[in-house]
Amino acid sequence: MAMKQSLKEMAIVGSGLVGALLAIYLRKAGHKVTVFDRRPDIRTTEFSGRSINLAMSNRGWKALKEAGIEDEIRKLAIPLYGRAMHVVGEPVYFQKYGKEGEAIWSISRGVLNRRMIDLAEAAGAEFRFEEKVWDVDLPTAQLFTGETEKGAWQAYQFDHIFGCDGAFSRIRHKMQRRSRFDYSQDFLDVGYKELTIPPNPDGTHQLDPNAFHIWPRGRFMFIAMPNLDGSFTCTLFLPFEGEISFESLQTREAARSFFLEYFPTVTPVIENLTGDFFKNPTSALVTVKCFPWTYWDKVALVGDSAHAIVPFFGQGMNAGFEDIGTLYRLMGTHGDDWEAIFLNYQRERKPNADAIAELSYRNFEEMSAKTADPRFLLQKKIEKHFALQYPDKWVPAYSRVTFSDRPYVEALQVGDRQEAIMQQVMEMPDLESRWDSPEVTRRILHLLEANPIGVE
10 MAMKQSLKEM AIVGSGLVGA LLAIYLRKAG HKVTVFDRRP DIRTTEFSGR
60 SINLAMSNRG WKALKEAGIE DEIRKLAIPL YGRAMHVVGE PVYFQKYGKE
110 GEAIWSISRG VLNRRMIDLA EAAGAEFRFE EKVWDVDLPT AQLFTGETEK
160 GAWQAYQFDH IFGCDGAFSR IRHKMQRRSR FDYSQDFLDV GYKELTIPPN
210 PDGTHQLDPN AFHIWPRGRF MFIAMPNLDG SFTCTLFLPF EGEISFESLQ
260 TREAARSFFL EYFPTVTPVI ENLTGDFFKN PTSALVTVKC FPWTYWDKVA
310 LVGDSAHAIV PFFGQGMNAG FEDIGTLYRL MGTHGDDWEA IFLNYQRERK
360 PNADAIAELS YRNFEEMSAK TADPRFLLQK KIEKHFALQY PDKWVPAYSR
410 VTFSDRPYVE ALQVGDRQEA IMQQVMEMPD LESRWDSPEV TRRILHLLEA
460 NPIGVE
């Protein structure tokens, strides 16, 4: 860090992934850190069956590397080099994510969270589990905790407080009561439920362990991501109501026949299919937007509490980790001027959070419907072929988000322009038979000259 900071008393509310990583960064800067969480210590509890495996990509790895824990976390992760698409009645189709060797990494949320709390404790952060924050006094950075809302409260005084307490943040709730605080929450009409594919008897994976498996079915889909123990964490995304929905699957027979009809290849290998289906909760998917993210030089929201997004680009955790990297860099630039740190943090991160929210929302449509569409797959093939020939002229939007740390805003803007170009290319006749021909390449080059796209 460039400018020296005087040491402060810091509170973090929330011991999830973002809270734990922020604790490591603040300890790295020398500050005293106390982390509060209303829940029990995740290291002593069973997982709740409401998790989607995480996809760690470049942004997340960069933040972990700067914290000095990248190598520790790599041990928990499995590289996925592409999507394996399971379309009914067709062989599995494999679509590589990026260039040779580029991968996203599958990690169990619970396993990662446990390890990161260990690392934050080892760095000197104090964790106070089962201590519920009921109120925060924003101007004085005081926290109030207690057993119940009506009972006696304990007051804690801090220099700065960070709300890392998720989409339904208590800290943000208090900030929302301020004048001119913008807030919106938007639920998808699609929910999700977790299921499991167990390992083979010898501990190996039943499916390719280096692929992100998708069974796209239009308005709904099933995904599977590998774990180190040979199992897969699977997620069914399905509308809450309607003809084919969670609402319509009320009995074990209905659930089993639904899976046999739409996911015949996967049904035999799901462990305790109907048991888990009715035992595990059906969870909702929400996009949260708000502004400002900070209050004076006292309080800041980080991660989902500032910008919860739907999980279809695998960027929720990565975006939260990128918030922390930005905060740390600004601490080095502005030293003890926390007002400048917080103002520049929200100014830099807010547009990017809005951009990845939009990209994530769109990616649901792509994953559930378009990955089964031959025209879409042809378009992706043409784009990839062109990008290999002209890497200086075309970086796919997915690669900009996943395999670079360029701003999300840029990925959205450039992606929109690339899509407009490709829509014109897709109107060329006989495209299936000449998708990799010089004429198609020349057409893209011509359209790019008319509408240049900057590539870093």
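Convert by adding 9 to the 1-based position in the sequence shown; the result is the number in my numbering. Quick reminder that beta carbons are idealized off the backbone N, C-alpha and C, glycines included. Every value quoted in this text rests on a predicted model; they were computed, and no experiment measured them.
Spatial neighbours of residue i within its chain, please: CB distance less than 6 angstroms, with the 5 preceding and 5 following residues excluded, ordered by chain position.
i	result
L294	L197, V319
E6	With the chain represented from 10 up to 465, any question about residue 6 goes unanswered, as that position is not in the structure.
A381	V96, P225
Between the alpha carbons of residue i and residue j, how many angstroms are there, rounded?
i	j	result
M376	L282	23 angstroms
Q194	S446	46 angstroms
S468	N327	The chain is shown from 10 up to 465; residue 468 falls before or after that span and cannot be answered.
E109	Q398	14 angstroms
D191	F138	31 angstroms
P248	V434	34 angstroms
A20	N219	39 angstroms
D217	I87	11 angstroms
I33	T154	23 angstroms
Q427	K402	11 angstroms
M94	H222	6 angstroms
E465	K71	Only weak support exists for where E465 lies, its pLDDT of 47 falling under 50; the value from the coordinates is given anyway. Going from the Cα of E465 to the Cα of K71 covers about 18 angstroms.
H316	F268	34 angstroms
I232	K105	16 angstroms
I116	A64	7 angstroms
G227	R443	28 angstroms
T149	F167	8 angstroms
E392	F103	16 angstroms
V142	Y165	10 angstroms
G98	A263	22 angstroms
Let me know the secondary structure DSSP gives residue i once reduced to three states.
i	result
A86	coil
F373	helix
S60	coil
T2	Outside the shown range of the chain (10 to 465) lies residue 2, about which nothing can therefore be said.
P447	helix
Q185	helix
N361	helix
I350	helix
R52	helix
R123	helix
T157	coil
F177	coil
G110	coil
Y192	strand
D468	Within the shown structure, residues of the chain are numbered from 10 to 465, placing residue 468 beyond reach of any answer.
V142	strand
V199	strand
D46	strand
L247	strand
If you count every other CB in all the chains shown that lies within 10 Å of the CB of residue i, and 16 or more means buried, which is it?
i	result
M230	buried
T242	buried
T54	exposed
P49	exposed
K255	Lys is not the amino acid found at residue 255; the sequence shown has Phe there. It is buried - the Cβ of F255 has at least 16 other Cβ atoms within 10 Å.
T244	buried
W16	Per the sequence shown, residue 16 should be read as Leu rather than Trp. Under this definition L16 is an exposed residue.
N62	buried
T260	exposed
A429	exposed
W305	exposed
R181	buried
S266	exposed
N209	exposed
Output needed for residue i: all residues of its chain with C-beta closer than 8 angstroms, excluding positions within five of it in sequence on either side, in chain order.
i	result
Y354	W302, T303, A309, D332, T335, L336, L339
R36	V42, A129, A132, G133, A134
V410	S66, F322, Q324, I365, L368, Y417, A420
I51	S24, G119, N122, R123, I126
G200	F246, L247, P248, F249, F255, T291, S292, A293, L294
Enumerate in chain order the residues of its own chain whose CB-to-CB distance from residue i is below 7 angstroms, with the five nearest sequence positions on each side excluded.
i	result
G344	M12, K13, Q14
S408	G107
Entirely within the segment 254-338 and at least 3 residues each: give me those beta strand (DSSP E) ranges in chain order. 295-300, 308-310
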